[in-house]
Amino acid sequence: MKHNLGKFLCLVSLFFTLLSSLYASDFDYHVEVDKTNPYLKESVLLTFDVNQSNHDMVLLFDFDLKKSESYTFQRVDIQEKDDYHAMQIRYTYLIYPLKKGSITIAFALKQKATTDESVAYSFSGDRDNVKGLVTKDTDILVPPLRLDVKALPKDTQLVGDFTLEYRIKSHQAKAYEPLPLEITLHGQGYPPVLPHLLPKDTLFTSFTEKPLIKSYATITGTQSTVTYPMALSHDKSFVLKPILIKAFNPKEQKSYLLSVPQQAFSIAPIHTAQLLDPVDVPPSSTVDWSWIAHLFEYLLLFGAGYFTAILSQKYPFWRRSKTALTHPNPLRQKIAQAPSYKALLQLLLAQDSQVFIPTIERLESSIYSHPIHPSHTSIPLSTLKKEALEQLK
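For the sequence shown, position 94 matches number 86 in the working numbering, and the numbering has no gaps at all.
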């Protein structure tokens, strides 16, 4: 079994060697790392050199590492020496392994071949008419690099050389008043971003914000300053247990502790009578029955209106007498008090209503048939008044 695996690896290595040899006459490359067996999250410095060997053509290169869940990386430097037909480039990367055991670093290299004429043509345009460089691109297969990653000591939270600083604004406060607490981690190594710092078994209330991260990578490693702003709150005095962070320095191969010592906070209680919204002694809840009285009033008013409407429709005389008592009509009084036929005629004509047309015609017939003595007509004035009053209903 072991012999078969060895043969397979030899064949893979030979395959990549043959592919690379196809372009060996044009350029050569070299990969180097400062360590091949790092600890988990220990920085690995990788350099990749490309040197043009065929000086009869113009060569350009694109190089980068392929992304993977097994590691994270950042390019920290690039150096170019662009002599005539003799391109030399050094790429420098900082790699942090994220998985223990054997991992492979994969590369992506692209050769871009062109000519002097194409380069001159690309520079012939002005700023408003830039001409693109025409190249022949070829992907170059580079064998992956293997790293054997060592595990960290148990319960390690930070990897690198770090220091811890903390600042507490005050150890005294009123009940529920926030107590600001700030913890800062500073040093070189894998960025010290932790999901939580406070002990889990606490009785007080804690308020946390996203950590403030300042980090930059160089060929010597990653320098970081991470600040954790937070606040504590409680209604009585409490104790913050020690905050312990276990770290590991891979250069010295030694574990160490970063800590915030135990802190005691004095809280002045507030009487519940002084609180706008008491928390411990809320007022007892009572049932409000006033809605039943309001509902009874609405039902009484609705019933009175409903039965009044029914009586008005069923007994018209009651409706008319009710209306007459509550809203007397002045026209009825004028008709009843008219002293003569002409006075009654003028009163009805002034109303300009189709209702009184029959009575008006009878009045005109009585007046103009006996202009001297209208009272001699066969229709008495009282009869015409009664007729007009009935038409008014």
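Heads up, the beta-carbon is just placed ideally off N, CA and C, and yes, glycines get one too. These figures come from a predicted structure and were not determined experimentally.
Residue 221: member of the beta strand (DSSP E) spanning 213 to 225, first to last residue. Residue 143: not part of any alpha helix (DSSP H); DSSP gives it neither H nor E. Counting only the Cα atoms, residue 185 lies some 19 Å from residue 234.
Counting the other Cβ atoms within 10 Å of the Cβ of residue 376 gives 16 or more, which makes it buried.
When the beta-carbon positions are compared, residue 211 and residue 57 stay at least 9 Å from each other. The Cβ-Cβ distance between residue 91 and residue 32 falls below 9 Å.
The three-state reading of DSSP puts residue 298 in helix, counting H, G and I together. For residue 128, the enclosing beta strand (DSSP E) covers residues 128 to 132. For residue 335, the three-state secondary structure derived from DSSP is helix. Residue 371 is positioned such that its CB atom lies no closer than 9 Å to that of residue 337.
Annotation: the continuous beta strand (DSSP E) that includes residue 207 extends over 204 to 210. If you draw a straight line from the Cα of residue 198 to the Cα of residue 222, it comes to about 7 Å. Approximately 7 Å separates the beta-carbon atoms of residue 156 and residue 175; this is inside 8 Å, confirming the contact.
With fewer than three CB-CB distances shorter than 8 Å, the region 132 to 151 does not count as touching the region 187 to 201.
Counting along the chain, residue 95 sits inside the beta strand (DSSP E) bounded by residues 93 to 97.
Judged by beta-carbon spacing, residue 384 lies within the 9 Å limit of residue 327, meaning their Cβ atoms are closer than that value. DSSP places residue 89 inside the beta strand (DSSP E), whose first and last residues are 78 to 89.
Looking from the CA of residue 48, the closest CA among 246, 285, 204, 106 belongs to 106. The beta carbon of residue 294 sits closer than 6 Å to no other beta carbon from its chain once the five residues preceding and following it are set aside. No Cβ-Cβ contact shorter than 9 Å links residue 249 with residue 216.
Rounded to whole angstroms, the gap between the alpha carbons of residue 40 and residue 154 is 30 Å. Here residue 182 is not near residue 24, since their CB atoms are 9 Å or more apart.
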